[in-house]
Structures are given as structure tokens and as C-alpha cells.
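Okay, structure first, notes after.
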Amino acid sequence: MGKDNRPKNEAPRPNSVTNREIYQRMNFLYQASSYLKSIEAVTASNNEVDGHEPTQKQKRRRIAVGDLGSSYVRSMRAVGNKSVTKMDPNVKRTLCGSCDTVLLPGVTASVRVKGTSGRSNKVLYTCLSCDASRAIPAPPVGSSSSFTSVPTIPNETTTSIATPGLTVSADTDATMSSKKTKRIRAKKPRPLPLFARPDAGHIVYIGNEPDKESNL
């Protein structure tokens, strides 16, 4: 076999990405569904502000737009299952498992943060179309270490026992333990999603050419 003379830092080519067409199709279906759901929500809010009852044609159009957005999500799931292509967990969490609606905070879903009996909280997504809800653990996001060292104030009082020809200094157990730092287990920070990490090596392509102005 011949030696590979290509440089190691060479950017990957778009044609060499496995299942590139499938990822593009799934990306298009997801964005199209999000756009149609946002249009449906804006149309409904405008009718409520105007105070007029929607006509029969507007009702048919609203139902058609909402159903089309859900059908795009079902098509995206079918494409991924047939091609054995896994979706990113952050994308799957934005999909309603009951009515296949893209959960857009404030548009198609309400988001609430609720506390739990443990240390971490949970984010509760409630779909406004079918009232289905799902809870996702929400550990804190940050770069703090998992442990924080809290020094304690040392006890300077010591007792000394004087004997003829010998002096022994006896420290109490509290004084000995106070010299050590107390380690308190803090909340484990959650790293940023893969698509939001600037150092993950993402490359954005426009057609077959990489986007040089992209910061990803």
C-alpha cells in the first residue's frame, strides 16, 4: 500500500462525510418543520389580536400548515431509522414524542425549571399542541471544578501538660482536623452541546466550498 502524503491538518472534504446527503435531508426537514410551526403560531396570535373569527379558509390553511410541519418531523425520523443515522440528543429533545411537533420555547412549548429532591434541577417542556410534557435533567452549566476547597479557621488554643523534665503539647482532635481543608462536593457542570463548542472542529460548507467567515 502506498503512503498517504496528505497533510494531517487538511480540512475534511464534504464529499468524504459519511451519509452526507442523509444529514442534509434531515437538517432540511427539521428547519422546515420549525419554520412552519412558527408561522402557525404567528398566524394564530394575529387573529387573536384582531378580534376577528378566522374564516373557513384560514382554518384549513392553519391545519394544513401544522400538519405539514409534523409530517416533516415524521419523515425525518423515518429517514434516520431507515438509514440507521442517529440524531443528536439535543435535537431529539426538541421533538414532541406524542404529536411530532418541534418544541420552540415560547412558541409551541412552555418551559419551566423545577427543583427536585436531589442536587440538580429539571427542565419541563410542555407541548402547547397536545399538552404532553417531558422532563429533562438540567445540571448547572459552567466551567467550575467538581470540588471546591473551603478552608476552615484553625483552632489556635492548645493545651500543654508540664511534667518534671518533660513538656508535652497535646492538640485536640478539632485542632488537628481544622488544619485540613474541607472538600465540599459541588454540582457537576454540564459541558456545552457539541454543536455549540467553538473548539470542536466544526466546518460549515456552502455548497462544496467551506465557509471561511464561519467561526465554528
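Just so you know, this note's numbering puts 1410 at position 159 of the sequence shown, and the rest follows in order with no gaps. Think of the CB as a built atom: it goes at the ideal place given N, C-alpha and C, for glycine as much as any other residue. Just so we're clear, the structure is a prediction, and the values are computed from it rather than from any experiment.
Leaving out five residues on either side along the sequence, give the residues of the same chain with a beta carbon under 6 angstroms from the beta carbon of residue i.
i              : result
alanine 1386   : Lys1373, Leu1375
serine 1380    : Cys1350, Thr1352
threonine 1423 : With a pLDDT of only 48 at threonine 1423, under the threshold of 50, the placement of this residue in the model should not be trusted; the figure read from the coordinates follows. Cβ neighbours of threonine 1423 beyond the five flanking positions: none.
glycine 1547   : No statement about residue 1547 is possible, as the shown extent of the chain runs from 1252 to 1467 and does not include it.
alanine 1413   : At alanine 1413 the pLDDT is 48, less than 50, meaning the model places this residue with poor confidence; the figure from the coordinates comes in the next sentence. Excluding positions up to five away in sequence, the list is empty.
The alpha helix (DSSP H) that contains residue i, what's its start and end?
i               : result
asparagine 1341 : 1340-1343
Apart from the five residues just before and just after residue i, which ones in its own chain have a Cβ nearer than 7 angstroms to its Cβ?
i              : result
alanine 1389   : Val1364, Ser1371, Asn1372, Lys1373, Val1374
arginine 1344  : Ile1387
aspartate 1450 : none
Using CA coordinates, which residue listed in the options is at the minimum distance from residue i?
i               : options                            : result
lysine 1552     : Tyr1274, Ala1451, Pro1449, Glu1460 : Lying before the first or after the last residue shown, residue 1552 is absent from the chain, which here runs from 1252 to 1467.
glycine 1317    : Glu1460, Gly1331, Leu1354, Pro1340 : Leu1354
asparagine 1332 : His1453, Met1277, Arg1271          : Met1277
Which stretch, first to last residue, makes up the beta strand (DSSP E) that contains residue i?
i               : result
asparagine 1372 : 1372-1378
alanine 1386    : 1384-1389
To which residues of the same chain is residue i closer than 8 angstroms at the C-beta, ignoring the five residues directly before and after it?
i             : result
valine 1342   : Tyr1281
cysteine 1378 : Cys1347, Ser1349, Cys1350, Thr1352, Leu1354, Thr1359, Ala1360, Ser1384
Starting from residue i, follow its DSSP beta bridges and name the residues at the other end.
i           : result
lysine 1365 : Lys1373
Touching or not, the stretch 1357-1372 and the stretch 1279-1293, by the rule of three or more beta carbon pairs under 8 angstroms?
-> yes
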